[in-house]
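So in the working numbering, spot 69 of the sequence shown is number 402, and the numbers just go up one at a time. Note that CB positions come from ideal geometry on N, CA and C, so glycine has one too. Bear in mind the structure is a predicted one, so any value in this text is a computation, not a measurement. See below for the structure under consideration.
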Amino acid sequence: LLVLAQLLLISGGVVSVHAQVNKSIRSYKVIEDTKVYRFPTENSEQIALIPSGTTVHIVASQVGNWARISPR
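Below is the structure:
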């Protein structure tokens, strides 16, 4: 399952072990509860909420302030 989340509320830069194998994947820690949308627009359906403290794995380059994320 791949979803899109606003990158504005994601910070960090610690590369996970998995990311060391694939340099295009990076890990970030969510610093505020973050809404997850089906498409990169706030008018899109909200499909989840990522709680603060969760580590997310960015698997694609950002599009504006959006990034594709994947569960570990």
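Assign residue 359 to one of three DSSP states: helix, strand, or coil. Under the three-state reduction of DSSP output, residue 359 falls in the strand class.
With burial defined as no fewer than 16 other Cβ atoms inside 10 Å of the residue's Cβ, what is the status of residue 391: buried or exposed? When all chains shown are included, residue 391 counts as buried.
Distance between residue 362 and residue 378 (C-alpha atoms, nearest Å): Using only the alpha carbons, I get a separation of about 23 Å.
In this structure, what does DSSP give as the bridge partners for residue 388? In the DSSP assignment, the residues bridged to residue 388 are 362.
Given residue 371, which residues of its chain have a CB within under 6 Å of its CB, disregarding the five upstream and five downstream residues? These residues qualify, in order along the chain: 377, 378 and 380.
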